[in-house]
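Contents: one structure, followed by commentary.
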Ligand SMILES: [Zn+2]
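Numbering (the numbering used here), first residue to last: 7 to 499.
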């Protein structure tokens, strides 16, 4: 039996709990919605915070901040004296037709809106709502944390861009050293890149302080979002000039090493953009070089977020492979085109053996790439023993939540065991520091020796298990999740 076959068989065995698992296929839509909302989903590994905000919330903030709306382009504008197409956000809120059109403009609820494809509507929406969120990063984060807590989910790896403009500008100033990566790195150090690390840490302090204030953490009125543990992934821009992308990545590695709240790197923006396609292999070399293939800082890279609608067969033939083998990525965002890659079966087997997780975003792939249902590789990945975890990508633009994605996965054939594994994977394959509570992630039959026989208990017994939880962030989050899972399953017996 091939390695992935054995892993898949073991994974299937572990999906069978002592008592009969809930049969999701027999549930009505209402039952499935309530079930997946209440189910503890461990965490979310693929969440762009700015894309997670619903248009209703942006408009509310715009009214509070006195912004205007250009009703011709249906985009937020700075505070203005209303005239012509520029109207106050408050007047748009009060106008049923304009309010509805604005919500269409800021989301994908009408994929053909403005004559755009779902792909173009999605990626262009960021520019139209950007102004409403720019001064409220703490409110954005607070909203995401509260939304997760209400879904019985308490870990988030949030994608945020630290010191975006200064890093991009520094890259432009230094210029591109024609692929001499060591010279590029030294030139940026000489130009003072490391000074941005301190600025990024201060920016993170301010972000968390604002979010905690919004959530009223530490007061009797504390909102559920205060209970969510958050870590950050450095977003870097794959359509910026090469030197700027490099500067953002270099800053990211330094930040991960300096501040434990920052745990990894991502490359974002449309993977099918001509510049992203032209520079793809160079970007993978940069990540591999700067992170020493993940040894200095782990990477979770958007790769294979492609389909025939937006890419050629040649474009779809190598992106995930290079992300894993050249960049040393430990997680892949999307991987939708993975079965199209050259040597796809061998690559999938390699990823299963190495434990490279795929962050699966079903609704996002449906709306942006027009890949859904039986055409989506979610089942193919599971059958090959690749660890997968469900996530939302950009819940506000797509008008979904994490529970919706779990219900959608069930509608598309996932069992309760698959969903339970997705939830556990969201912590086991997180970039949280420390040894895990399981020695066999994606299978979950073998607890760490220190905690054998105790998983699911209220508190660990004094000794080895308590010591493990005291020193490992990851084990602590897994312990909390297992307690929630036990309570959830017990309530349904
Ligand atoms: Zn994404």
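Heads up, the beta-carbon is just placed ideally off N, CA and C, and yes, glycines get one too.
Proximity below 8 Å, CB of residue i to CB of residue j
i, j, result
"residue 486", "residue 160", "yes"
"residue 337", "residue 450", "no"
"residue 250", "residue 177", "yes"
"residue 260", "residue 203", "yes"
"residue 370", "residue 394", "no"
"residue 95", "residue 51", "no"
"residue 102", "residue 91", "no"
"residue 237", "residue 163", "yes"
"residue 454", "residue 475", "no"
"residue 415", "residue 408", "no"
"residue 397", "residue 376", "no"
"residue 293", "residue 255", "yes"
"residue 38", "residue 413", "yes"
"residue 193", "residue 183", "yes"
"residue 282", "residue 275", "yes"
"residue 494", "residue 44", "yes"
"residue 169", "residue 216", "no"
"residue 378", "residue 440", "no"
Residue(s) in a DSSP beta bridge with residue i
i, result
"residue 74", "83, 94"
"residue 274", "243"
"residue 226", "Paired residues: none, contrary to the question."
"residue 371", "In the DSSP output, where bridge partners are listed per residue, residue 371 has none listed."
"residue 165", "54, 239"
"residue 306", "337"
"residue 293", "Partner(s): none; residue 293 has no beta bridge."
"residue 200", "In DSSP, residue 200 forms no bridge with anything."
"residue 395", "365"
"residue 89", "92"
"residue 268", "238"
"residue 453", "444"
Residue i versus the options, residue with shortest Cα-Cα distance
i, options, result
"residue 461", "302, 430, 27, 278", "430"
"residue 328", "362, 48, 131, 32", "362"
"residue 334", "301, 349, 73", "301"
"residue 151", "213, 86, 276", "213"
"residue 207", "257, 297, 193, 415", "257"
"residue 245", "379, 174, 158, 87", "174"
"residue 332", "384, 358, 371, 291", "291"
"residue 30", "209, 358, 417", "417"
"residue 104", "85, 86, 74, 288", "74"
"residue 201", "172, 182, 475", "172"
"residue 41", "422, 467, 468, 255", "422"
"residue 322", "278, 360, 298, 62", "278"
"residue 381", "478, 313, 400, 398", "313"
"residue 296", "33, 474, 190", "190"
"residue 448", "458, 463, 439, 391", "391"
"residue 351", "389, 211, 180, 188", "389"
"residue 148", "228, 411, 86, 122", "228"
"residue 367", "89, 383, 211", "383"
"residue 70", "99, 36, 182, 221", "99"
"residue 68", "36, 142, 33, 379", "142"
"residue 210", "93, 225, 233, 144", "144"
"residue 137", "316, 356, 72, 315", "72"
"residue 330", "134, 356, 315", "356"
Sequence-distant residues of the same chain with beta carbon closer than 7 Å to residue i, five excluded per side
i, result
"residue 326", "309, 310, 338, 341, 344, 347, 353"
"residue 386", "345"
"residue 373", "114, 117, 124, 128, 404"
"residue 273", "242, 244, 289, 307, 308"
"residue 230", "152, 155, 156"
"residue 287", "328"
"residue 433", "48, 49, 161, 480, 483, 484, 487"
"residue 235", "160, 161, 483"
"residue 419", "385"
Contacting residues, own chain, Cβ-Cβ under 6 Å from residue i (five flanking each side not counted)
i, result
"residue 186", "none"
"residue 304", "270, 336, 437"
"residue 470", "456"
"residue 491", "46"
"residue 262", "268, 303"
"residue 61", "109, 112, 113"
"residue 84", "none"
"residue 165", "54, 239, 241, 272"
"residue 26", "none"
"residue 265", "207"
"residue 459", "none"
Contacting residues, own chain, Cβ-Cβ under 8 Å from residue i (five flanking each side not counted)
i, result
"residue 146", "55, 56, 58, 59, 139"
- Message: For the region 444-460 against the region 403-414, do three or more pairs of beta-carbon atoms, one drawn from each stretch, fall closer than 8 Å, so that the two count as touching?
- Response: Judged by Cβ distances under 8 Å, the region 444-460 makes no contact with the region 403-414, as fewer than three pairs qualify.
- Query: Taking contact to mean at least 3 C-beta pairs separated by less than 8 Å, is the region 80-89 in contact with the region 104-118?
  - Reply: The region 80-89 is in contact with the region 104-118.
- Query: Any residues whose CB sits closer than 6 Å to a heavy atom of ligand 3? List them in chain order?
  - Reply: Looking for ligand 3 in the displayed structure turns up nothing; the ligands present are ligand 1.
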